[in-house]
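Colleague: This is the structure I have questions about; it appears just below.
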Amino acid sequence: MAVKIFIAADRLDSVLEKLSTKIDLWIPALLKDDKSGPTGFVQYTPGITPAFDRQTTMPLKKLLLPQEETLLRFKYQKDPEGSLKTTIALDDPKEARPTLVFGARSCDVRALVTLDRVFANGPYVDPYYVQRRKNTLFATLVCGQTDSKCFCSSVGGGPADMEGSHLRIVRLEDGYLVEALSKDAQPLLADLAEAPDKSRDQLAAKLVKEASKRQVGDLDTKDCAPAFRNRFQQNDYWASMVSQCLSCGVCTYVCPTCYCFSITDETRNLEGERLRSWDSCMFYHYTLEASGHNPRPTKLERYRNRVGHKFSYIPERYEGLLGCCGCGRCIRSCPVNIDIRQVVGNLKENSNEQ
Amino acid sequence: MLETDRNQLHKCVEEALPELDMMIGWTRCDPLQTTPVFIRDAKSISSLTLGPFCSQNLAGYLVKPPALDAPPKPDAKPIGICVKGCDSRSLVALIQEKFITRQRVRIFGIPCGGTVDWRKVARHVELGSVKSADVQDRVLVIEDSTTTHRIALEEVLSRKCLGCRHPNPVISDVLIGAEVSPRSTGMETSYRDVDELDAKPLEERLAFWQSELDRCIRCYACRNACPLCVCQDRCIVETREPRWLTQHVGVPEKFLFHFIHAMHLAGRCTGCGECERVCPMDIPVTLIKEKLNKIMEEMLGYSAGLDPEAVPPLLTFNPGETEI
Amino acid sequence: MKRVAYYKGCSLEGLAAEYDRSTRLVCEAFGIELVEIPDWNCCGSTPAHSYDPLLSAALAGRNLAIAADQGCEMVMSPCPGCLKSLKGAQETCEDPKLRKPFVDLVGRDVDGMKTVSLLQLLYEEVGPEALQKAVRRPLTGHTLIPYYGCLLTRPAQKAKFDDPENPVSLDRLLEATGAAVPDFPYKTECCGATYGVTRNDFVGRLSGRILDMAERLGGEAIVVACPLCQQNLDMRQDQINKYRSSAFHLPVPYISQVLGLALGMSPKMLGLDKLCVSPDILLEDRTQDREAQGSAG
Amino acid sequence: MTDSNPRSSAPAEDTAANRQGIKIVGFLCNWCSYGGADTAGVCRFKQPTDLRVVRIPCTGRMDPLFIAKSLIYGVDGVLVSGCHPRDCHYAVGNFYARRRMEAFKAFLPFMGIDTRRFKYTWVSASEGQQWQKVVTEFSEQIHMLGPNPGVELRSGEILKVSSGLK
Amino acid sequence: MRIGVFVCNCGTNIAGTVDTKKVAAEALGFADVVYATNYMYTCSEPGQQEIQRAIAEQGLQGVVVAACSPRMHEPTFRRAVEKAGLNRYMFEMANIREHVSWIGNDREANTSKAIDLVRMAVAKLRFNAPLFSSKMPVNKRLLVIGGGVAGIQAALDCADGGMDVVMVERQQYIGGKMAKLDKTFPTIDCSSCILGPKMVDVAQKENITLYAASEIESISGYIGNFTVEIRKKTTFVNWEACTGCGACMEKCPSKKAADYFNEGLGAARAINIPFPQAIPKKAMIDAAYCRQLNGKKCGVCAKICPVKAIDFEMKDEIVTEKVGAIIVATGYDLFDHAVYGEYGGGRYPDVISGLQYERILSASGPFGGHIRRPSDGKEPKEIVFISCVGSRDASVGRPYCSGICCMYIAKQAILTRDHLPESNSYVFYMDIRSPGKNYDEFVRRAQEEYGVQYIRGRVGKIYRRGERMVVQGADTLLGVQVEVEADLVVLATGVESSLGAGELAEKLRISYDQYGFYMESHPKLRPVETNTAGVYLAGACQGPKDIPSSVAQGSAAASKVQSLFAHDTIETNPQVALVNERNCIACGKCIQVCPFGAIQWKELRGGIKKAEVLASVCQGCGVCNATCPPKAIQLQHATDNQILAEVNELCA
């Protein structure tokens with residue numbers, strides 16, 4: 000029997016407080032003391048202001064793929080005779096702690112499907128990612144407020160899509176109804192709050208049914224992979240679509256499914272660390288080769304690569320899985336308001352009118 | 000009033016387009032926002048628009064990659080470009096530094112009554128649900144699914160516009176619409192925010208920048224949006240040769256990144272505010288450059304992007320100035 | 000109508016009354032409106048600035064302040080002594096260290112004011128060409144000696160008028176009246192100034208030398224623009240004759256009187272009768288015999 | 000406080016104990032100030048030991064970002080010194096430097112970095128005594144200011160300074 | 000990288016207050032350091048051999064010596080490591096003497112500072128790269144600008160050294176101011192007797208190409224490879240044909256032409272050869288006074304010229320010369336005394352300048368050597384000389400002493416007594432400056448032997464009284480005012496920079512002081528060099544000086560050029576800027592700020608251009624490196640990485 004609880008709006012803080020003692024709790028919160036300012040997933044500490052009402056600016060990937068992660072540290076010891084015989088002492092990264100993400104939306108969790116396919120179920124398993132992934136539970140909020148930029152339904156998701164989530168949260172007028180979907184999430188709800196009464200339960204179920212029927216966004220992504228391949232050579236198509244692009248890293252850094260990273264050794268005399276940090280295919284240095292040649296010298300090739308990676312390369316490689324979760328963050332944050340739906344939408348038409 | 004200006008713009012562009020290589024302007028892509036557009040054929044001229052929602056500074060497209068590595072052929076036709084007051088100063092700055100010649104551009108100057116900062120609109124209205132938005136004599140009228148909101152334009156203007164001294168283009172071939180009286184002429188209003196932060200004690204200023212820059216994700220949108228950051232593809236912030244910065248995302252690295260951006264713009268920045276507008280983390284980075292602009296104005300009596308012949312102050316010297 | 004604040008100064012109320020009267024007439028004739036500074040005060044002259052420079056600056060500064068309140072940008076003073084004090088006041092007002100005490104005393108700053116002598120006013124605002132056109136009674140046939148004295152064009156940095164060592168403005172103005180003006184070597188030599196009272200032997204030697212050179216050059220009169228020089232050369236001419244056992248008889252009219260004469264004004268109105276050495280010789284009209292001899296002017 | 004006789008013992012009792020590990024980086028122009036420091040050494044003008052000298056060809060070579068990097072990453076004090084204006088070996092190097100240093104010095108406090116930790120001055124190769132005075136005074140000032148906290152955000156210190164921006 | 004660290008004791012200079020053993024031990028603990036030792040006297044012969052041995056045995060790729068100031072022994076150690084086969088730039092010094100041991104007695108603090116400095120030196124060394132000076136071919140030709148005595152001396156010395164010399168002189172004759180002199184102090188040699196032969200040598204030497212009546216149009220290039228454009232001003236006379244017979248001068252109807260050579264005293268003809276011994280002895284037409292050239296019908300000279308050399312259509316001509324070095328000897332001009340209203344402001348004909356009086360004294364002068372008054376030609380009886388006219392007078396912007404006036408006044412006074420035994424000469428002076436060999440004795444002779452009346456005091460006014468001039472001054476020794484009635488007054492006008500010195504300096508890219516005199520590289524140690532490589536100075540263009548000093552500087556500059564041209568190539572200083580073309584975005588800021596114009600554009604395909612550094616012109620100041628936003632241009636041996644490495648060692 001599914002375990003359900005109802006958290007009244009005014010008791011939310013105390014519940015979160017309690018929950019954070021049991022497990023590392025991450026919630027969407029304001030990053031700046033401005034109600035309409037940027038938000039992101041932050042580890043719960045008393046005093047931060049939650050921001051459940053809208054999609055976060057920064058994606059969930061910051062938790063599973065931090066912007067900067069020390070893979071290993073190394074230290075040379077010189078033997079006294081001065082010859083450079085050195086030994087290297089490595090230290091393994093600290094163990095990942097059990098974590099609960101409370102308040103992510105379905106598109107956030109949907110993105111993990113792509114990340115899992117690459118980092119966990121692909122030919123090379125990333126130990127750092129997998130360790131964090133296994134230790135993280137997701138309490139996903141059924142999405143009530145979608146806006147003109149969202150299109151999760153067109154990429155296989157939906158406002159009520161609970162794939163990969165362990166708990167479901169339904170936002171009611173006066174509070175939140177939390178229902179455990181998987182067994183290992185049930186102990187979490189123990190003695191948190193009392194079970195919901197019947198009317199709220201039914202209301203929640205109605206809302207969930209409604210949400211799962213709702214179709215968000217109308218982007219047609221059917222066989223966009225071959226369509227992309229036809230457009231690949233047509234430079235003027237890309238020029239007409241994204242000439243205004245600034246080639247900055249915003250769209251890739253706010254995108255939940257962009258996972259590219261760069262590894263550098265930052266050394267200082269005898270010690271150093273191997274650092275994994277976010278990188279963006281929109282940067283010139285991303286594909287700059289030692290010879291000075293750059294296979295993607297201009298922003299048009301780079302944007303083409305970004306679209307291709309999500310709507311062509313991943314689908315062809317991972318049996319039709321799309322590398323995009325339809326959250327619309329790249330559209331909202333783009334300094335020049337490029338809409339990826341337009342670029343993908345026009346892939347198919349043979350004449351490329353705006 | 001906006002309507003007549005827009006028609007006048009369309010008419011002027013139509014006349015000029017045959018002589019132009021292309022026309023850079025804005026087009027509406029969202030009730031509250033515009034996107035730059037590059038027009039080469041007559042039929043898409045109608046998509047051009049102007050007004051308070053046109054916030055991007057288009058001057059960068061003339062010089063930044065890929066234009067950087069494809070210098071214009073001597074007989075190349077000029078490029079048409081729409082510029083507001085602050086954007087026009089960017090053009091003058093580019094001419095000053097010989098990135099473009101005056102003949103390279105056909106400038107359509109548009110006196111500007113201030114641009115709308117969508118973040119401030121978000122404080123009044125749920126952005127996602129906005130159906131249409133328009134400005135009627137200094138009032139922003141927004142319809143969303145349920146109600147019509149009327150917000151005074153003054154409430155939602157971008158921060159840079161509040162102290163604007165150059166609403167009218169300082170350089171233009173064609174002027175679209177009537178001139179606008181500057182909101183302030185003195186330094187007090189245009190550097191009000193700088194003075195406010197300067198008045199705080201040192202520790203508080205450090206704490207302010209630590210907390211603001213802690214949010215920075217080093218996405219370099221501010222650098223790539225800046226019309227004067229022409230060397231964005233070879234920026235020392237990213238290169239390992241020479242190695243100024245590591246890939247760490249600690250506060251020191253972000254401090255140094257913003258120091259580098261500010262010092263490279265010292266005496267060049269025209270205060271167009273793009274860096275702040277594009278920051279996904281809403282960090283007031285233009286404030287940093289405004290402080291240096293204030294120093295340049297106080298110390299050397301110099302403002303960038305006003306006189307095409309002037310030499311940026313840090314690229315020259317005056318043996319006599321012992322008093323600075 | 001050029002509006003100029005007129006700072007008369009004490010000597011033009013007393014000994015040099017004719018200088019004041021002729022100045023007003025000449026200025027009026029050339030359309031220059033002299034606005035006498037109401038309730039002007041003494042400039043303190045040499046005693047003040049030798050005692051306390053701030054006092055001297057404030058005394059003259061007060062007059063400048065009143066003139067500024069009248070809305071005049073230019074102040075003219077025929078007496079070089081007063082002019083020096085006015086310029087001293089301006090300089091004190093611009094000195095960063097002394098500005099504050101000066102403004103406290105005077106009540107306002109005096110930036111942007113222009114202080115000129117009568118000679119400078121006539122030379123720059125009117126000029127020899129305009130003067131020549133306005134001449135009714137040309138003084139052709141007379142030889143006039145221009146004498147500037149020591150202060151009119153000095154000190155160079157403050158006066159900023161004509162060449163301090165070799166001025167020519169007075170020469171040009173006199174030539175414009177038709178008179179012959181020889182190159183007078185002692186045009187800027189000292190006349191003995193205030194020593195006339197204590198050591199009039201100085202005046203005997205210095206002013207005597209000037210009168211002697213003037214006579215040698217065939218001068219019929221020495222034209223001056225400073226009441227003190229006029230006093231030494233004219234009033235003390237007999238003392239000088241006694242001291243040098245010479246017999247100089249040279250009238251010493253003011254520049255404004257000579258120009259007035261050339262403009263056809265009556266000698267009485269110009270106060271020519273007030274001069275100690277009678278200037279009647281200047282009144283002879285020699286224009287005819289000049290034409291008769293047909294030689295160039 | 001510099002004593003009159005330069006040859007006497009070190010002015011301030013600067014044993015290692017009270018040094019608190021203060022580190023000052025000095026960017027000295029090779030032709031004048033580095034020579035001035037040498038002259039001070041040759042004349043045995045006693046100075047505190049916190050200064051570490053980096054030799055640069057000219058103050059014109061001085062990119063203000065070297066100072067920014069030093070102060071941000073925890074160097075306690077930065078001293079830049081070159082030839083007097085008009086004496087520059089390269090004629091105009093210090094003219095360029097003067098504007099850049101002055102602008103940078105005025106800019107530092109705005110970012111929350113204490114501008115008293117940065118000083119630029121002009122010392123010629125013969126001014127050994129002047130160099131002693133500059134180093135001594137600047138070292139004392141940095142000691143008074145103490146170690147440079149840098150800009151690192153102490154972990155857990157979530158600072159919510161409300162920005163007054165409209 | 001294998002680095003060796005050598006810590007020097009320098010006797011007790013360093014070891015006295017620094018624990019050098021501990022420094023060496025600590026150094027061995029640094030990354031990349033494979034060998035560290037301390038040594039008694041590292042700069043000594045055995046010390047250097049120790050380094051060379053260690054390089055060989057340990058296979059060192061870089062050496063750090065912690066010792067004295069690099070300004071002292073860097074060259075020494077660089078040569079030492081180079082002998083051991085290591086590139087001389089793979090070497091760094093840590094100054095632990097002048098900057099550490101000598102300025103504090105706290106042993107522990109000094110040692111920790113020394114360790115820091117060694118760590119910084121090692122950190123920098125890791126980023127050092129071998130540098131090689133490139134060889135630039137030298138065009139062994141010399142350009143001498145200015146044909147005065149200094150220029151002539153320099154040209155002759157170099158020509159004797161077998162070098163091709165190009166001399167450019169603005170006037171139509173060489174000899175400069177000295178050619179106008181009658182006699183020279185202190186030996187009263189006849190000026191044209193000692194200068195004449197040298198001028199003839201200049202004309203006759205095959206390897207000297209003389210461009211008289213010519214000016215420098217533009218100069219480009221750098222040491223060893225200057226390209227000079229010379230504007231040969233039109234003389235309206237074909238100098239190849241003209242024999243200098245002077246027939247045209249006699250017949251020329253325009254007799255009132257300005258006689259520049261006689262300082263405006265006499266009157267010359269429109270077509271003129273300034274003086275009999277002129278080199279080149281060729282006629283030249285002064286366009287301002289020639290009737291034919293001013294629209295009136297004439298052409299007398301063309302008609303009677305036996306060799307038909309006159310050509311009224313002749314135009315200026317630009318000639319290009321390629322040279323390796325330039326000696327500037329453009330001399331001086333005299334102060335225009337008309338500025339002094341009290342001395343008559345140039346109105347009195349009998350108040351003349353020293354050089355005008357020199358022309359009067361000269362046999363080839365306007366009065367054939369007889370002293371006459373310019374006004375009425377009478378012989379003067381009383382002559383007054385006034386010194387320091389336009390010298391030592393800040394009010395006219397000439398605060399400096401011109402150095403030569405006291406001497407030429409004494410000489411002229413002596414000559415006056417020779418010419419007119421009954422005349423009386425008076426000299427108003429402030430101080431007598433006679434520093435040279437036999438100089439003061441010469442002035443003493445003027446006073447005692449020739450009875451010249453020296454009056455110590457300034458002259459207040461000169462005015463005409465009747466036919467004579469009254470000189471009114473003071474005699475400060477007697478404390479009285481003095482008046483002298485004189486027939487002739489000679490003002491010893493001071494020396495100032497020659498007309499147009501500023502424009503020429505801009506073309507040469509050398510600096511000049513506020514009076515227009517050119518700036519020498521170092522007033523005492525390098526007086527004839529400038530901060531611009533390959534450009535040398537000689538004579539009064541560098542500052543007021545007399546003939547002996549000018550000639551000495553002429554020879555000095557010549558020897559500098561000869562030592563430069565002694566080798567076929569010039570070794571360029573490898574510590575120059577280098578552009579990484581991949582990062583250069585052609586913004587041109589480096590070109591704009593480079594004080595030496597050492598950076599130029601390099602055109603690539605497709606209209607792309609990049610900055611390029613001229614290795615031989617770049618002086619290594621690094622302003623471009625500090626200015627370049629993408630840091631594409633790096634100053635070798637002082638790159639960003641090297642400086643940052645040193646700074647990083649000090650960061651927390």
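Chains as they are written, first to last, in numbering that gives the first Met the number 0: chain H, 0 to 353; chain W, 0 to 323; chain F, 0 to 296; chain Z, 0 to 165; chain P, 0 to 651.
Every residue, glycine too, gets a C-beta built ideally from N, C-alpha and C.
Here the structure is a predicted model, which is why all the values come from computation and not from measurement.
Would DSSP call E296 of chain W helix, strand or coil?
Modeller: Three-state DSSP puts E296 of chain W in a helix.
Colleague: Out of curiosity, what's the CA-to-CA distance linking G34 of chain Z and R70 of chain P?
Modeller: Their backbone Cα atoms lie some 8 Å apart in a straight line.
Colleague: What does M135 of chain P pair with, by DSSP beta-bridge criteria?
Modeller: BP columns for M135 of chain P point to P:I569.
Colleague: Pull the bridge partners of S707 of chain P from the DSSP assignment, please.
Modeller: Because chain P here runs from 0 to 651, residue 707 of chain P falls outside it and cannot be looked at.
Colleague: Going by CA-CA distance only, name the one from F:C92, F:T91 and F:T152 that's closest to L118 of chain F.
Modeller: The residue with the shortest Cα to Cα distance from L118 of chain F is F:T152.
Colleague: If we call anything under 8 Å between Cβ atoms a contact, is K104 of chain Z one with L78 of chain Z?
Modeller: No, the pair does not count as a contact, with Cβ atoms beyond the cut-off.
Colleague: Using 8 Å for Cβ pairs, my map puts I175 of chain W next to L8 of chain W. What's the rounded Cβ distance?
Modeller: Yes, they are in contact, since the Cβ atoms of I175 of chain W and L8 of chain W sit about 5 Å apart, within 8 Å.
Colleague: Work out the CA separation of P35 of chain W and F101 of chain H for me, nearest whole Å.
Modeller: Cα to Cα, the separation comes out at about 39 Å.
Colleague: Closer than 8 Å, Cβ to Cβ, to anything on chain F: give me those residues from the region 310-343 of chain P, in chain order.
Modeller: For the region 310-343 of chain P, which is checked against every Cβ of chain F, the residues closer than 8 Å are Y339, G340, E341 and G343.
Colleague: Give the straight-line distance between the Cα atoms of L97 of chain F and V109 of chain F, rounded to the nearest whole angstrom.
Modeller: The alpha-carbon atoms of L97 of chain F and V109 of chain F are separated by roughly 13 Å.
Colleague: Keeping to the same chain, check which residues put their C-beta closer than 6 Å to that of A473 of chain P; ignore five residues upstream and five downstream.
Modeller: G456 and Q480, listed in sequence order.
Colleague: Quick one: using the 10 Å Cβ neighbour count with 16 as the cut-off for buried, is H418 of chain P buried or exposed?
Modeller: H418 of chain P should be labelled exposed.
Colleague: Would you verify that the beta carbon of Q209 of chain W is, or is not, closer than 8 Å to some beta carbon of chain H?
Modeller: Taking Cβ atoms only, chain H never reaches closer than 8 Å to Q209 of chain W, which makes this a no.
Colleague: To which residues of the same chain is Q55 of chain W closer than 6 Å at the C-beta, ignoring the five residues directly before and after it?
Modeller: These residues qualify, in order along the chain: P35.
Colleague: How about R204 of chain W: is its C-beta nearer than 8 Å to some C-beta of chain Z?
Modeller: True, the Cβ-Cβ gap to chain Z drops below 8 Å.
Colleague: Determine the closest residue to V91 of chain W out of W:T48, W:P168 and W:R158, with distance taken between C-alpha atoms.
Modeller: Of W:T48, W:P168 and W:R158, the residue nearest in Cα terms is W:P168.
Colleague: Would you call the region 37-50 of chain Z and the region 81-96 of chain Z in contact, with 3 or more CB pairs under 8 Å?
Modeller: Touching, no.
Colleague: Below 7 Å between beta carbons is the criterion; list the residues of the region 245-263 of chain H that meet it against any residue of chain W, in chain order.
Modeller: Cβ contacts with chain W: L245, S246, C247, G248, V249, Y252, V253, S261 and T263.
Colleague: Which one or two residues does DSSP pair with N94 of chain P in a beta bridge?
Modeller: P:A66.
Colleague: Would G87 of chain F pass as a contact of A59 of chain F if the rule is Cβ separation under 8 Å?
Modeller: Contact: yes.
Colleague: CA-CA distance, Y438 of chain P and Q171 of chain P?
Modeller: For Y438 of chain P and Q171 of chain P, the distance between alpha carbons rounds to 33 Å.
Colleague: Cβ of N351 of chain H less than 8 Å from any chain W Cβ?
Modeller: Any reading at N351 of chain H must be qualified, since the residue scores a pLDDT of 44, below 50, and its modelled position is unreliable; no value is offered.
Colleague: Suppose contacts are defined by Cβ-Cβ distances below 8 Å. Is N234 of chain H in contact with L299 of chain H by that definition?
Modeller: Taking 8 Å as the Cβ cut-off, N234 of chain H and L299 of chain H qualify as a contacting pair.
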